[in-house]
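Peer 1: Going line by line, the protein sequences match chains A and B.
If you're matching positions, the first sequence starts at 1 in this note's numbering and goes up one per residue.
If you're matching positions, the second sequence starts at 245 in this note's numbering and goes up one per residue.
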Amino acid sequence: MFDVHFALRDWIYSFSIGFLVVSYWRNTWTMLDIMGCHQPYTATLANGDSFCFAFPAQMDPQGELGMLRLKNATYSYAAGLALLSIGVMMMCCGLWLPDRKTLQVSTNVRMLRFSIIYLLGASAVNVWRGIWYWADAWILPNNPMVSYWMTSLVGAGAAFAVFCGNSLLAPPAIFLLDGPDTDPPPIAVTVLASHYSSTLPSGQKRPQMSCYIYLLDVLLSFGFVPVAVVCFWRGKGKDKVSLW
Amino acid sequence: MFIICIWLASEPVVGFVDHRLRGNKILLWLLGRLRTYVLAWGTVSLWRCFWLFWDEFLGGSTVLSAGLGHVISLFLLTAMGCASSINAPASTLGVDSIPHPECEDEPLFSVVPLPWETLYAFGMFRQVDKSKVDDTKRFSNAVRPVSTGNIEMIVGKDANIPEHVDDEVYETSHKKEASPMSALEQSWNPFDPSEANGDDVMEKEESSMSIVQQTWKNIRPGLSNTSDTDRSWRPGLPRSDRSSFLDIEKPSLRRQRCSDYAQRPNQDNKRHRSVFFRSR
């Protein structure tokens, strides 16, 4: 018989994790808006003055609020890339991995694991914030509805075109688990690395490729795909003048 | 909207459709992408809902609200063993890849909903799940002496038994290391492998054990080696193998089988070539 007990538990956990992830993102983003834009405490998504005065800035992109938003976008994106670089280097150095011989996870490794997650999470929020505010300022700022539809469809299409459609998802639609395992979760990864890690049998090495391919892979993974994903979410998620 | 999208994209529904369309690769490919798009649409609407909830009912845009929410949510996610879920592009990617050609007709993923028994409390801080390590690497020829109270014995080097075993400390620490979320339910005794694995499995284990290991097992029932205790935590054990709702093999188990197959050494020395890219 279909096990309702298990299904109910699955859904409860899924929604709980989804709510907690949204809570992390929303509160981190809000703290950045408060620090960077001096957003008032009454600002809400429904009023349109959260997201660093989204609606007022949209009405006058060249005004004071518009320029403030643009400046925040630049700083946020730069901070996001810097944190991402640190996180990627920490993962490449194998700081997540347990001891090779004993498979023991020491206290230092535990702290490093948490640090990597925190850095990469903060990086993601900053990168998204930067791309989002840039898109608001540069992609048809005078015609928001067309802008949102266009970015939504083009973003999704671009993500699927580079075989990263699953990057559009977020909890509770998709989850990344911490462990325990010998392998880390799929964080700070590129398209090629992810593809080969899932398709190649265990122990088989990846084929050697030209350095230009690797460079393209890095640009695609850390540059193009985030833009496509953020554009999709921006198009679907904006309030006030929204697709809903 | 999210509930509709989730239902449309959930494992039983998609598994049913996949079962009917098996063999038609193009339709399955399109279905997979459509499923992703539907899920993404639903996810955005759910995020808006939660975001508005925070704005209206949980303190608005105050520093205290944002700070507390940031800390508490991160702590709880870490406690549930899924802090990595806060990542998004560019910190992580969801790539569409087929794990193995035999799994081409699989749904792209079956993480909706998440099987709760796959969660490990404070998972990133735990020791490695030894049951996932290759069996050939678990025991080596070299041995080392271990003192446990008044009994000195020789055990395998990779048995992960500490040099000096204090009874209470070892039992306590070992219980903590092997306590996923399901242990909170206390639905079965996790340190009685026969209850979790079945007696037939235990018989096979005992026959393959050395005399030393059997002796160790008699001293510490249920804690003879890490593989016994770790295996009791393997996800999916309490579940039935089949989704009787659809009378087909659960897609998650098929995917696990495909994933296990892909993890085996490539015996025919041929690299698996994927026709399409699919998710992990």
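Just so you know, even glycine gets a beta-carbon here, dropped at the ideal spot from N, CA and C.
It should be emphasised that the depicted structure is a prediction, and the values quoted were computed from it without experimental measurement.
Under 8 Å between the Cβ atoms of Gly235/A and Thr151/A?
Peer 2: Yes, Cβ-Cβ distance for Gly235/A and Thr151/A is below 8 Å.
Peer 1: Can you tell me which of the three DSSP states Thr336/B falls into?
Peer 2: Strand at Thr336/B.
Peer 1: Determine, using beta carbons only, whether Ile34/A and Val307/B come nearer to each other than 8 Å.
Peer 2: Going by C-beta atoms, Ile34/A is nearer than 8 Å to Val307/B.
Peer 1: Which residues in chain B sit within 8 Å of Val229/A, going by Cβ to Cβ distance?
Peer 2: Result: Ala332, Pro333.
Peer 1: Would you kindly check if the distance between the Cβ of Asn268/B and the Cβ of Leu120/A is under 8 Å?
Peer 2: No; because the gap between Cβ atoms is not below 8 Å, this pair is not in contact.
Peer 1: Could you check how far apart the C-beta atoms of Pro186/A and Val21/A are, in whole angstroms? I think they sit under 8 Å.
Peer 2: Contact flag wrong, Cβ pair sits at about 16 Å.
Peer 1: DSSP has Ile187/A in a bridge; who is on the other side?
Peer 2: In the DSSP output, where bridge partners are listed per residue, Ile187/A has Thr336/B.
Peer 1: To the nearest whole angstrom, what separates the beta carbons of Pro61/A and Pro141/A, a pair I think is in contact under 8 Å?
Peer 2: At roughly 4 Å, the Cβ-Cβ gap stays under 8 Å, so Pro61/A and Pro141/A are in contact.
Peer 1: Please give me, in chain order, every unbroken run of the alpha helix (DSSP H) with length at least 4 that falls completely inside the segment 253-321 of chain B.
Peer 2: The qualifying runs are 255-265, 269-301.
Peer 1: Report yes if the C-beta distance between Ile117/A and Ser305/B is below 8 Å; otherwise report no.
Peer 2: No, Cβ-Cβ distance for Ile117/A and Ser305/B is not below 8 Å.
Peer 1: Which residues of chain A have a Cβ atom closer than 8 Å to the Cβ of Trp285/B, listed in chain order?
Peer 2: Neighbours of Trp285/B on chain A, chain order: Lys236.
Peer 1: Rounded to the nearest angstrom, what separates Arg26/A and Gly63/A at their Cα positions?
Peer 2: Spanning the two alpha carbons is a distance of roughly 26 Å.
Peer 1: Measuring alpha carbon to alpha carbon, tell me which residue in Phe366/B, Ala310/B, Trp291/B is nearest Thr322/B.
Peer 2: That would be Phe366/B, whose Cα lies nearest to the Cα of Thr322/B.
Peer 1: To be precise: take each residue of the segment 362-374 of chain B, compare its Cβ to all Cβ atoms of chain A, and keep it if any distance is under 9 Å. Which residues remain?
Peer 2: Correct list: Thr362, Leu363, Tyr364, Phe366, Gly367, Met368, Phe369, Arg370, Gln371, Val372, Asp373, Lys374.
Peer 1: Using a Cβ cut-off of 8 Å, which residues of the segment 40-60 of chain A contact any Cβ in chain B, in chain order?
Peer 2: For the segment 40-60 of chain A, which is checked against every Cβ of chain B, the residues closer than 8 Å are Pro40, Tyr41, Thr42, Ala43, Thr44, Leu45, Ala46, Ser50.
Peer 1: Just the C-alpha distance for Leu92/A and Leu84/A, rounded to the nearest angstrom, thanks.
Peer 2: With the sequence shown as reference, residue 92/A is identified as Cys, and Leu is not the correct amino acid for it. So the alpha carbons of these two residues sit roughly 12 Å apart.
Peer 1: Pairing CB atoms from the segment 5-17 of chain A with CB atoms from the segment 156-163 of chain A, are three or more of them under 8 Å?
Peer 2: At 8 Å Cβ cutoff, the stretches do not touch.
Peer 1: Let's test the definition: count the other Cβ atoms within 10 Å of the Cβ of Met324/B and tell me whether it reaches 16, buried, or not, exposed.
Peer 2: Looking at its Cβ environment, which holds 16 or more other Cβ atoms inside 10 Å, Met324/B is buried.
Peer 1: Does the Cβ-Cβ distance between Ala284/B and Leu168/A come in under 8 Å?
Peer 2: For Ala284/B and Leu168/A, yes; Cβs fall inside 8 Å.
Peer 1: Which runs of the alpha helix (DSSP H) at least 4 residues long sit entirely within the segment 28-94 of chain A? Give them in chain order.
Peer 2: Whole alpha helix (DSSP H) segments, 4+ residues: 50-59, 64-92.
Peer 1: For Val230/A, tell me which candidate among Ile17/A, Leu95/A, Gly94/A, Asp136/A has the shortest Cα-Cα distance.
Peer 2: It is Asp136/A whose Cα lies nearest to the Cα of Val230/A.
Peer 1: Give a yes or no on whether the minimum CB-CB distance between Leu169/A and chain B is below 8 Å.
Peer 2: Output row for Leu169/A: interface = yes.
Peer 1: Measuring alpha carbon to alpha carbon, tell me which of Met90/A, Met111/A, Ala122/A ends up nearest Val189/A.
Peer 2: Nearest C-alpha to Val189/A: Met90/A.
Peer 1: Between Ser335/B and Ser23/A, is the Cβ-Cβ spacing less than 8 Å?
Peer 2: No, these two residues do not count as a Cβ contact at 8 Å.
Peer 1: How would you call Ala46/A, buried or exposed, if buried means at least 16 neighbouring beta carbons within 10 angstroms?
Peer 2: With fewer than 16 Cβ atoms within 10 Å of its Cβ, Ala46/A is classed as exposed.
Peer 1: Can you tell me the Cβ-Cβ gap for Ser194/A and Leu358/B, rounded? I've got them flagged as a contact below 8 Å.
Peer 2: Going by Cβ atoms, the distance from Ser194/A to Leu358/B rounds to 20 Å, so no, they are not a contact pair.
Peer 1: With a threshold of 8 Å on Cβ separation, who are the neighbours of Asn385/B within its own chain once the five nearest residues in sequence on each side are excluded?
Peer 2: With a pLDDT of 36 at Asn385/B, under the threshold of 50, the modelled position of that residue is not reliable, and the figure given next carries that caveat. Counting only Cβ-Cβ distances below 8 Å, and skipping sequence neighbours, we find nothing.
Peer 1: Report the residue from Thr182/A, Leu200/A, Phe222/A whose alpha carbon sits nearest the alpha carbon of Leu97/A.
Peer 2: Nearest option by C-alpha distance: Thr182/A.
Peer 1: Identify which residue in Ser210/A, Trp132/A, Leu95/A has its Cα closest to the Cα of Trp29/A.
Peer 2: Out of Ser210/A, Trp132/A, Leu95/A, Trp132/A has the C-alpha closest to the C-alpha of Trp29/A.
Peer 1: Buried or exposed for Arg113/A, please, with buried defined as at least 16 other CB atoms from any protein chain shown within 10 angstroms of its CB.
Peer 2: Buried, because 16 or more other Cβ atoms sit within 10 Å of the Cβ of Arg113/A.
Peer 1: Looking only at its chain, what residues have a beta carbon closer than 6 Å to the beta carbon of Ala73/A, apart from the 5 residues adjacent to it on each side?
Peer 2: Same-chain partners within the cutoff: Gly130, Tyr133, Trp134.
Peer 1: Any beta carbon of chain A sitting closer than 8 Å to that of Leu358/B?
Peer 2: True, the Cβ-Cβ gap to chain A drops below 8 Å.
Peer 1: Have a look at Tyr196/A and Arg206/A and give me their C-alpha separation to the nearest angstrom.
Peer 2: Answer to the nearest angstrom: the Cα atoms are 7 Å apart.
Peer 1: Evaluate Asp340/B with the Cβ neighbour count: other Cβ atoms within 10 Å of its Cβ, from every protein chain shown; 16 or more gives buried, anything less gives exposed.
Peer 2: Its Cβ being crowded by 16 or more others within 10 Å, Asp340/B is buried.
Peer 1: Is the CB of His195/A under 8 Å away from at least one CB in chain B?
Peer 2: Yes, because at least one Cβ of chain B sits closer than 8 Å to the Cβ of His195/A.
Peer 1: Quick one: using the 10 Å Cβ neighbour count with 16 as the cut-off for buried, is Glu361/B buried or exposed?
Peer 2: Glu361/B is buried by the Cβ-count criterion.
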